[in-house]
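Data block below; observations after.
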DNA sequence: TCAGTCACTTGCGTTTCGCAAGTTATGGTA
DNA sequence: TACCATAACTTGCGAAACGCAAGTGACTGA
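Protein chains in written order, with our numbering: chain A, 525 to 652; chain B, 525 to 652.
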């Protein structure tokens, strides 16, 4: 099984086209994925933290998006404790690279949706 | 009927939250809307021009998106000829304001999807 | 032993998507 | 005046995605 934009007999094969915007939309083009990224940028790491954001993402949608983000290399999952095992999610360098995109969206959004406000970073307890 | 983020008894009412990113996604968060904006930025104006882009947007989806973009104030529609009447679509100032968002997406997209390339502007015959 | 937490998974009805075909209005050609 | 073509949509309908609610399994602390 080939991924999107992978080499195939010397010719690139894209899902829809060779436009960078199109390919970004094939990964991030829905109402939830970029909000998960936003939460990660704000410092959230755990499943329950994502579900407790004000948009109230459904549990199955969140699981699906985290899986896809991992597959796309934007996010890594790893256990931060055993007994019982608990996982946390972190942005990869590729994922961090989306910050300028989020910035541009926030600038435009704050200007055109009166009353909206950038969300604050969240704090984290130090790991044991 | 109130739009998103409209005033209601002194308190803002947002569809999902007061996050600017969330509100932008409620307007642009799907696989097609931003591609229509891209085409407009590239100089496309007419229905058939949008349907002839390499992503091959379906006719009903295009009609739906153009309607929503007009409702959101990102695009204007006007007749450029009569007998028969023909329409063209143009970005408003609000719509033009999305250029930095598209730029940031292109930068990230070109970096992470090898083989993708920014599409060139299209030329237009002079009216009259 | 029994409620509670975390990180999910499953069921299922509702909504949205998207391919294909049809519609309306008009102009050009023979 | 019949016929073909073009522009800008609209309609039908099967498939996919969404999202609410409930369930699961591993383990902790009381």
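Every residue, glycine too, gets a C-beta built ideally from N, C-alpha and C.
### Task
Ignore the nearest five residues each way along the sequence and tell me which others in residue 645(B)'s own chain have a CB closer than 8 Å to its CB.
The answer, listed in chain order, is 566 and 567.
### Task
To the nearest angstrom, report how far apart residue 643(B) and residue 542(A) are at their CA atoms.
9 Å
#### Entry: Reduced DSSP secondary structure (H/G/I, E/B, other) of residue 640(A)
coil
### Query
Are the C-beta atoms of residue 579(B) and some chain A residue less than 7 Å apart?
yes
### Boundaries (first-last residue) of the alpha helix (DSSP H) holding residue 620(B)
Counting along the chain, the unbroken alpha helix (DSSP H) around residue 620(B) starts and ends at 617–620.
### Message
Tell me whether the stretch 619–634 of chain A and the stretch 558–578 of chain A touch, counting them as touching only if at least three CB pairs, one residue from each stretch, are closer than 8 Å.
### Response
yes
### Task
Please list the segments of the beta strand (DSSP E) lying wholly inside the stretch 551–607 of chain B, counting only runs of 3 or more residues, in order along the chain.
599–605
### Message
So with CB distances below 7 Å, who are the chain A contacts of residue 642(B)?
### Response
544
#### Entry: Residues that residue 566(A) contacts on chain B, provided the C-beta gap is smaller than 8 Å
What residue 566(A) touches in chain B: nothing, since even the nearest Cβ is about 10 Å away.
### Query
Would you say residue 611(B) reaches chain A, if we count a Cβ-Cβ gap shorter than 7 Å as a contact?
No, residue 611(B) lies away from the interface with chain A (no Cβ there is under 7 Å from its Cβ).
#### Entry: Cβ neighbour criterion (16 or more within 10 Å) applied to residue 636(B)
Flag for residue 636(B) reads buried.
### Query
Name the chain A residues whose beta carbon is nearer than 9 Å to that of residue 562(B)?
Chain-order list of chain A residues neighbouring residue 562(B): 543, 545 and 546, by C-beta distance under 9 Å.
### Query
Shorter than 7 Å from the beta carbon of residue 628(B) to some beta carbon of chain A?
yes
#### Entry: Contact under 7 Å by Cβ, residue 599(B) with residue 621(B)
It is not a contact, given that the beta carbons lie outside the stated cut-off.
### Message
Please report whether the beta-carbon of residue 646(A) lies at a distance below 7 Å from any beta-carbon of chain B.
### Response
no
### Query
Excluding sequence positions up to five away, which residues of its chain have a Cβ less than 7 Å from the Cβ of residue 603(A)?
The residues are 609, 610 and 611.
### Query
Using CA coordinates, which residue listed in 564(B), 584(B) and 547(B) is at the minimum distance from residue 613(B)?
Nearest in C-alpha terms to residue 613(B), of all of 564(B), 584(B) and 547(B), is 564(B).
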